[in-house]
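Engineer: Before I ask anything, let me first share the structure, which is written out below as structure tokens.
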Amino acid sequence: MINTRRSAKLVALLTGSALVLAACATSEEPAGESEATTGGGAAPAASGAPDGGSDAVFTYAYEQEFFSYNNDTADTNASANAIVLNQIKRGFWYFGPDGSVVPDEEFGTFEVTSEEPLTVEYTFAEEAVWSDGEPIDCDDAVLAWAALSGKFPEFLPAGTTGYENQQAPACEDGDKTFTIVYDTPFGDYTSMYGAFVPAHIVEQNGGVEDIIAAVRAGDPAALSGAATFWNTGFNFNPGEYDPAVALSAGPYQVETWEATQSITLVANPEWWGEPPATEQVVIRYIAQDAQAQALQNGEVQAMDPQPSPDLLAQLEAIGDTVSVEPQDQYTYEHWDFNFAGPFADRNLREAFALCIPRQTMVDNLIKPLNPEANVLNSRYSFPFEEDYDAVVEASYADQSEQDIPAARALLEANGQTGTVLRLGHNANARRTQEAALIVEACGPNGAGFEVQDIGNANFFEPEGALNTGAYDVAQFAWSGSPLKSGSASTFQTGGGNNNGQYTNPQVDELVNQLNAETDPDAQTELVIQIETILWEDLATIPGFAFPGVLATTADAQGVEYNPTQSGLTWNMQEWTRSAE
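Numbering (mature numbering (1 follows the signal peptide of the UniProt record, and there is no 0)) for the sequence shown: -22 to -1, 1 to 558.
As structure tokens, this is what we get:
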């Protein structure tokens, strides 16, 4: 939900439970303007009001544009990709609307065949094929394991949690069944192998004749071409999706992509499961401030943006023609320190923690949407979860309660007044407001930092400040799930989500224990221990849990909110529009 080596866009729901960089609008256009003036673009001709039924077009408003088919790499895993891929890259499980892991029996089945050692047998559906007709089988599983296990450093996954504990899949070329044996237990084993990329495409483009043989030989040289293609070969410039490379293993496939405007998904004729309820779904890229107007105009049928008071007011003003439902979600705002720079000094981290106006942010930006909102004091648990109060009561100290005089005194005592603080973020409306509050509280007239607001629309891009380490404090959100293993690579040494290069051997060991634990009460105790250390170290500063909102038109059917990193398209294949 990192340094120059790679991006922070972590492994998402498609292959594991890890946090994913949350999508955020970058537009600063005023509310109420038409889409043509906000970068949303004209509606595709097919997206006018249909007659209803399975032939209707369903249009969904989203903020950030798709950019990679393989969202398992450290550079590409973001909700902007997952939103498109949820029903293109199916796997053995998905997050349900209550946040639970649900086996995807259309794609295949899995079962534990031994507890000691933990052994899981997976079986692809007999009819399962890629959209080019190639069977989905053993070689796809072997590639997934090789890429995500961390055994081959040429691959650059965003996280290896769970996979690093596994032995190579036991299967032969063409087998529909493969067996996974764990060297050490993994409590969230049900969240493994959530999606795949086509091994035969990687073989063809990576110069590897047989991926299974190459992996078993353990020869990095033989896999270097495959790894290079896996890392970057599925990335696309806007509008340049290649369906011969980015194949479908789900009910939809990409038909067209109009850069900066929309992606159109159509039914995959090779899909072996239940046909999608609507033949065509259009994902429109619309600035957040323009989405309510598009919904009111009937240009889109659903939206679930990051809400702001202004946006909620726009939606409520539309009236009975739309449904507006407040929601909870597993997404939280936070501030990450760059431990490769000046903020390796704990004094500076503490001074920032003391000056950051978390309560003011909640009061001004979040409570208008959720009157019950409070400052978030956990990185692992959310206020709507049963264990939150216990975790916070046992682990949280007062290091980040705002005390500007104490922050100023700390900087003065250490001769650090005037220390430059580069505050990085993507420049959407809410984050710009947050940054302004930090400049006021932590700047020269507050704590005494020299705060430089370096927020811009490219902050998350491969060459942006987050990926190159050109920041001191990063302000963004993680989107996750109830699975505690999802935070593993965020806080472990060298983890794909560990943007600021934080390291603590005690945390590393406790996270390993947490990943292996299956008992919820024991998990809570381990989370308390981890959180206590994270607060002592001031590794990161959580801010607030995001409120959610789902808004749909009266004719939208089958749309169900999902609070996890899956996002709204988790059940896109069930969306329809009723006849008027």
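All residues carry an ideal CB built from backbone N, CA and C; glycine is no exception.
What would DSSP say about Ser286, mapped onto helix, strand or coil?
Structural biologist: Coil at Ser286, not helix or strand.
Engineer: Cβ of Ser301 within 9 Å of Cβ of Ala534?
Structural biologist: Yes, these two residues count as a Cβ contact at 9 Å.
Engineer: If I measure Cβ to Cβ from Thr309 and keep anything under 6 Å in the same chain, skipping five residues before and after, which residues do I get?
Structural biologist: Ala(-1), Ala455, Ser457, Phe524
Engineer: Output the distance between the C-alpha atoms of Phe85 and Phe45, rounded to the nearest integer angstrom.
Structural biologist: 25 Å
Engineer: Once you ignore the five residues that flank Gly424 on each side, which residues in its own chain have a CB closer than 8 Å to its CB?
Structural biologist: Taking C-beta separations shorter than 8 Å and ignoring five residues to either side along the sequence, the partners of Gly424 in its chain run Cys333, Ile382, Ala385, Arg386, Glu418, following chain order.
Engineer: What is the DSSP secondary structure of His403, reduced to helix, strand or coil?
Structural biologist: coil
Engineer: Please report the distance separating the alpha-carbon of residue 626 from that of Glu277.
Structural biologist: With the chain covering -22 to 558 only, the question about residue 626 has no answer from this structure.
Engineer: Taking all protein chains shown into account, do 16 or more other C-beta atoms lie within 10 angstroms of the C-beta of Phe362, making it buried, or fewer, making it exposed?
Structural biologist: With fewer than 16 other Cβ atoms within 10 Å, it is exposed.
Engineer: Any idea which residues DSSP pairs Glu99 with across the strands?
Structural biologist: Glu89, Thr157, per the DSSP bridge assignment.
Engineer: For residue 562, does the three-state DSSP call read helix, strand or coil?
Structural biologist: Residue coverage of the chain in this structure runs from -22 to 558, which leaves residue 562 outside it and unanswerable.
Engineer: Beta-carbon within less than 6 Å of Thr37's beta-carbon, same chain only, minus the 5 sequence neighbours each way: which residues are those?
Structural biologist: Ser25, Val260, Arg262, Val278, Gln279
Engineer: Taking the alpha helix (DSSP H) that Ser109 belongs to, which residues open and close that run?
Structural biologist: No alpha helix (DSSP H) holds Ser109; DSSP gives it neither H nor E.
Engineer: Please report the straight-line C-alpha distance between Ala368 and Ala375, rounded to a whole angstrom.
Structural biologist: 13 Å
Engineer: What three-state label does DSSP hand residue 606 in the structure shown?
Structural biologist: The displayed coordinates of the chain run from -22 to 558. Any statement about residue 606 would go beyond what the structure contains.
Engineer: With DSSP collapsed to three states, give me the class of Tyr141.
Structural biologist: It is helical.
Engineer: Taking the CB atoms as reference points, tell me whether Thr496 and Pro163 lie closer together than 9 Å.
Structural biologist: yes
Engineer: Which value, in whole angstroms, describes the spacing of the CA atoms of Leu504 and Tyr219?
Structural biologist: Distance from the CA of Leu504 to the CA of Tyr219, rounded to the nearest whole angstrom, comes to 44 Å.
Engineer: With C-beta atoms as the reference, is Thr542 less than 9 Å away from Gly77?
Structural biologist: Yes, these two residues count as a Cβ contact at 9 Å.
Engineer: With a 10 Å radius around its C-beta and 16 neighbouring C-beta atoms as the bar for buried, classify Thr4 as buried or exposed.
Structural biologist: Residue confidence is low: Thr4 scores 35 on pLDDT, short of 50, so the model does not pin down where it sits. No coordinate-derived value is stated.
Engineer: Taking 8 Å as the cut-off, is the beta-carbon of Ser127 closer than that to any non-hydrogen atom of the ligand ADP?
Structural biologist: No copy of the ligand ADP occurs in the structure displayed, which carries no ligand at all.
Engineer: Please go through the region 209 to 279 and give each complete beta strand (DSSP E) segment of 3 or more residues, from N-terminal end onward.
Structural biologist: 230 to 236, 240 to 245, 258 to 263
Engineer: How long is the line joining the alpha carbons of Leu488 and Leu512, rounded to whole angstroms?
Structural biologist: 12 Å
Engineer: What residue from Ile508, Pro483, Ile344, Thr97 has the CA that sits closest to Val370's CA?
Structural biologist: By alpha-carbon distance to Val370, the top candidate from Ile508, Pro483, Ile344, Thr97 is Ile508.
Engineer: Considering only the alpha carbon of each residue, which of Gln269, Glu257, Thr510 lies closest to Pro229?
Structural biologist: Glu257
Engineer: Which residue from Leu326, Phe133, Ile66, Glu248 puts its Cα closest to that of Gly203?
Structural biologist: Phe133
Engineer: Hey, how far is the Cα of Thr15 from the Cα of Pro221?
Structural biologist: Unreliable placement is indicated for Thr15, whose pLDDT of 23 sits below 50; no coordinate value is reported for it.
Engineer: What is the DSSP secondary structure of Glu294, counted as helix, strand or coil?
Structural biologist: helix
Engineer: By the DSSP assignment, the beta strand (DSSP E) with Val429 in it spans what residues?
Structural biologist: 428 to 431
Engineer: Whole angstroms is fine: what's the gap from Trp313's alpha carbon to Gln42's?
Structural biologist: 21 Å
Engineer: Rounded to whole angstroms, what is the Cα-Cα separation between Asp282 and Ala529?
Structural biologist: 6 Å
Engineer: With a threshold of 8 Å, are at least 3 pairs of Cβ atoms found where one atom belongs to the region 422 to 438 and the other to the region 389 to 403?
Structural biologist: yes
Engineer: What's the C-alpha gap between Pro483 and Gly472?
Structural biologist: 11 Å
Engineer: Taking Glu390 as part of the alpha helix (DSSP H), name the residues at either end of that continuous run.
Structural biologist: 382 to 391
Engineer: Hey, how far is the Cα of Trp548 from the Cα of Glu83?
Structural biologist: 15 Å
Engineer: Beta-carbon within less than 6 Å of Glu412's beta-carbon, same chain only, minus the 5 sequence neighbours each way: which residues are those?
Structural biologist: The residues are Met339.
Engineer: Which two residues bound the contiguous beta strand (DSSP E) that contains Gly525?
Structural biologist: Note that residue 525 is Pro in the sequence shown here, rather than Gly. Taken as a continuous stretch (DSSP letters only), the beta strand (DSSP E) holding Pro525 covers 518 to 531.
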